[in-house]
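What follows is a single structure, written as structure tokens, with notes after it.
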Amino acid sequence: MTTRHIKEVDMTKIVSLAKRRGFVFPSSEIYGGIGSTWDYGPLGVELKRAVKEAWWRSMVYDRDDIVGLDSAIIQSPEVWIASGHAEGFTDPLVECPTCHKRYREDHLLEALGQPATATDIDLKCPDDGAQLSAPRLFNLMFETHVGPVQDTANKVWLRPETAQGIFINFDNVIVATRKKVPFGIAQIGKSFRNEITPGNFIFRTREFEQMEMEFFVKPGEEDEWYDYWIKTRFQWFLDLGVRAENLRTRPHDESELAHYAKGATDVEYLFPWGWSELEGIASRTDFDLSRHEEHSGKKLQYFDQEENEHYWPYVIEPALGADRAALAILVDAYDEESVGPEGGKEDIRVLLRFHPDIAPVQVAVLPLSRNDKLVPKAKEVHDTLRRLFRTQYDDAQSIGRRYRRQDEIGTPLCVTVDFETVETDDSVTIRNRDTMTQIRVPIADLADQVREQLRGMGSTRV
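Mapping of the sequence shown onto this note's numbering: position 147 corresponds to residue 194, and the numbering continues sequentially without gaps.
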């Protein structure tokens with residue numbers, strides 16, 4: 048038997064598998080869809096949920112210095128005026144005078160191999176070749192109104208990030224938790240950006256889910272914590288099985304930094320289209336708290352009892368999109384290998400090598416057939432395991448097809464109930480996704496054996 052592993056991942060295969068197996072569906076598909084909007088299917092919602100739970104565990108449950116928050120999507124418009132989003136959250140757009148399509152100027156320059164700050168370059172419409180207009184600024188926030196009347200008095204925006212909800216609750220959290228600097232506030236939630244050029248499947252969408260944490264530190268200690276969080280966040284991906292050769296960190300040039308940022312570094316992943324930002328870690332100074340204090344009139348300084356002084360803490364912000372993380376993990380797990388016999392017709396096995404703590408299904412229970420004796424026993428075994436692991440019961444089609452189906456959705460272990468189980472030994476067979484090896488274990492020991500095998504595949508949570 049020969050084995051080969053895929054070297055390059057084809058994005059069309061990822062999108063096809065995602066729909067076919069119930070990870071991600073085009074939103075509103077029966078009505079023709081809506082651009083760059085996606086629905087997560089039964090397996091996709093479990094994958095993204097597992098990603099979010101792994102992030103929350105690492106940020107909140109496994110630490111004593113970070114607490115959680117869930118702030119509102121619709122906030123006072125003053126929040127976005129104070130933060131600078133109302134004026135400065137813009138993209139430079141150019142427009143075609145004939146087809147009237149708009150494009151981001153920096154994306155067109157990048158496609159030409161030019162820096163995003165380049166000037167005096169004639170840009171042509173990618174569709175019809177017409178000369179594009181001079182760039183104009185376009186605000187990315189979605190505007191809506193509260194109440195029954197649509198006028199400027201009740202205009203609000205859907206939040207473009209979760210971070211500001213943390214900053215405006217800084218004093219509330221201090222009073223409620225009595226946390227001392229350094230400490231952090233973590234949040235997972237939906238954000239909205241009216242991106243003009245979304246794309247690459249779920250990588251860039253107009254509605255997305257963020258996992259952000261603001262870590263408040265004493266001024267003068269921000270560089271140490273900035274380095275700490277870059278290393279910590281990079282390691283998080285490695286711990287979830289993402290291959291090191293597909294990850295890198297990229298510090299931002301000075302020209303890329305926001306006016307308030309002291310530093311910023313991206314954790315980048317090698318997607319099929321190239322290196323792209325996966326997570327950003329920013330050193331934001333005291334910009335946010337000082338701005339909100341100035342605009343609201345409410346004191347947001349921290350009182351350091353040991354030093355007997357008030358100050359605005361500096362902030363280190365790791366910010367990760369749950370959708371991008373799920374996509375990176377899905378792409379990284381995709382593999383194909385030949386399992387055909389020597390000299391015979393090549394048989395390609397498609398599988399997702401998910402880390403067992405992230406896999407949407409950790410254990411599948413399969414009766415050898417839909418025999419009246421096997422099905423009740425298999426369901427009994429499944430009922431026992433489902434209390435301990437993420438499981439799936441599957442009795443459709445042949446056992447070989449079911450193994451392949453479980454491989455393709457990334458299930459680490461399959462448990463097969465056969466005639467020997469019910470007639471002689473009360474034992475079952477455990478099959479390993481990666482090695483395809485099988486072992487026979489008594490049902491009485493099954494949970495412990497499953498736990499041991501998942502740990503052998505890298506799990507730290509079973």
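Note that CB positions come from ideal geometry on N, CA and C, so glycine has one too.
Assuming residue i contacts residue j (C-beta within less than 8 Å), just tell me the rounded distance between them.
{"i": "TYR349", "j": "VAL264", "result": "Not a contact, Cβ separation roughly 10 Å."}
{"i": "ALA411", "j": "GLN439", "result": "5 Å"}
Which one or two residues does DSSP pair with residue i in a beta bridge?
{"i": "LYS171", "result": "GLN178"}
{"i": "ARG478", "result": "CYS461, GLN485"}
{"i": "VAL71", "result": "TYR87"}
{"i": "ILE446", "result": "DSSP lists no partner for ILE446."}
{"i": "HIS192", "result": "LYS202"}
{"i": "ASN186", "result": "THR137"}
{"i": "PRO365", "result": "ILE328"}
{"i": "SER323", "result": "TYR316"}
Using a Cβ-Cβ distance under 9 Å, would residue i count as near chain C?
{"i": "LEU435", "result": "Within the model displayed, chain C is absent; a lone protein chain is all it includes."}
Might you give, ordered along the chain, the residues of its own chain that have their beta carbon closer than 8 Å to the beta carbon of residue i, omitting 5 neighbours on each side?
{"i": "LEU156", "result": "PRO162, ALA163, ALA165, ILE168, LEU170"}
{"i": "ALA311", "result": "PRO298, HIS299, GLU303, LEU304, ALA305, GLY327, ILE328, ALA329, SER330"}
{"i": "PRO182", "result": "PRO139, LEU140, VAL141, GLU152"}
{"i": "VAL408", "result": "LEU90, GLU93, ARG437, THR438, GLN439, GLN453, ILE456, GLY457, THR458"}
{"i": "ILE446", "result": "LEU413, LEU415, SER416, THR463"}
Going by other Cβ atoms of all chains shown within 10 Å of its Cβ, with 16 needed for buried, is residue i buried or exposed?
{"i": "ILE121", "result": "exposed"}
{"i": "ASP234", "result": "First, the residue type needs correcting, since residue 234 is Gln and not Asp in the sequence shown. Under this definition GLN234 is a buried residue."}
{"i": "ILE113", "result": "buried"}
{"i": "GLY79", "result": "exposed"}
{"i": "ASP175", "result": "exposed"}
{"i": "CYS146", "result": "exposed"}
{"i": "LEU285", "result": "exposed"}
{"i": "GLU208", "result": "buried"}
{"i": "ARG51", "result": "Note on ARG51: pLDDT 49, under 50, position unreliable in the model; the coordinate value appears next. Label assigned to ARG51: exposed."}
{"i": "PHE281", "result": "buried"}
{"i": "ILE128", "result": "exposed"}
{"i": "GLN199", "result": "The question names Gln, but residue 199 is Thr in the sequence shown. Exposed, since its Cβ has fewer than 16 Cβ neighbours within 10 Å."}
{"i": "ASP419", "result": "exposed"}
{"i": "PHE466", "result": "exposed"}
{"i": "ARG338", "result": "buried"}
To which residues of the same chain is residue i closer than 7 Å at the C-beta, ignoring the five residues directly before and after it?
{"i": "ALA101", "result": "LEU287, ASP404, ILE405"}
{"i": "PHE185", "result": "THR137, ASP138, LEU140, ILE243"}
{"i": "PRO414", "result": "LEU421, VAL422, ALA425, ASP442, VAL464"}
{"i": "VAL56", "result": "PRO319, VAL378, TYR381"}
{"i": "GLU324", "result": "ASP313, GLU315"}
{"i": "PHE189", "result": "TRP204, LEU205, PHE239, ASN241"}
{"i": "ASN293", "result": "TYR316, LEU317, ASP379"}
{"i": "SER63", "result": "none"}
{"i": "ILE490", "result": "VAL428, ASP473, SER474, VAL475"}
Looking at residue j and residue i, is the spacing between their C-beta atoms short of 9 Å?
{"i": "PRO459", "j": "LEU501", "result": "yes"}
{"i": "GLU364", "j": "MET504", "result": "no"}
{"i": "SER118", "j": "ILE213", "result": "yes"}
{"i": "LYS60", "j": "TYR381", "result": "yes"}
{"i": "ALA436", "j": "VAL488", "result": "It should be pointed out that residue 436 corresponds to Phe in this sequence rather than to Ala. No, they are not a contact pair."}
{"i": "ALA375", "j": "PHE255", "result": "no"}
{"i": "THR296", "j": "ASP313", "result": "yes"}
{"i": "ILE215", "j": "VAL98", "result": "no"}
{"i": "ILE249", "j": "ARG371", "result": "yes"}
{"i": "TRP320", "j": "MET58", "result": "yes"}
{"i": "ASP495", "j": "LYS345", "result": "no"}
Please go through the same chain and pick out, in chain order, the residues whose beta-carbon is closer than 6 Å to the beta-carbon of residue i, but skip the five residues on each side of it.
{"i": "LYS478", "result": "Correcting the residue identity first, residue 478 is Arg in this sequence and not Lys. Once the five neighbours on either side are set aside, the close Cβ partners of ARG478 are CYS461, GLN485."}
{"i": "PHE401", "result": "ALA380, GLY457"}
{"i": "ARG417", "result": "ASP442"}
{"i": "ASP86", "result": "PHE72, SER74"}
{"i": "MET48", "result": "Here the model assigns MET48 a pLDDT of 38, short of 50, so the residue's position is not dependable, and the following value carries that caveat. No residues qualify anywhere along the chain."}
{"i": "ASP335", "result": "PHE214"}
Any chance the CB of residue i is under 8 Å from a heavy atom of the ligand NAP?
{"i": "ARG151", "result": "Ligands are entirely absent from the displayed structure, and the ligand NAP is therefore not among its contents."}
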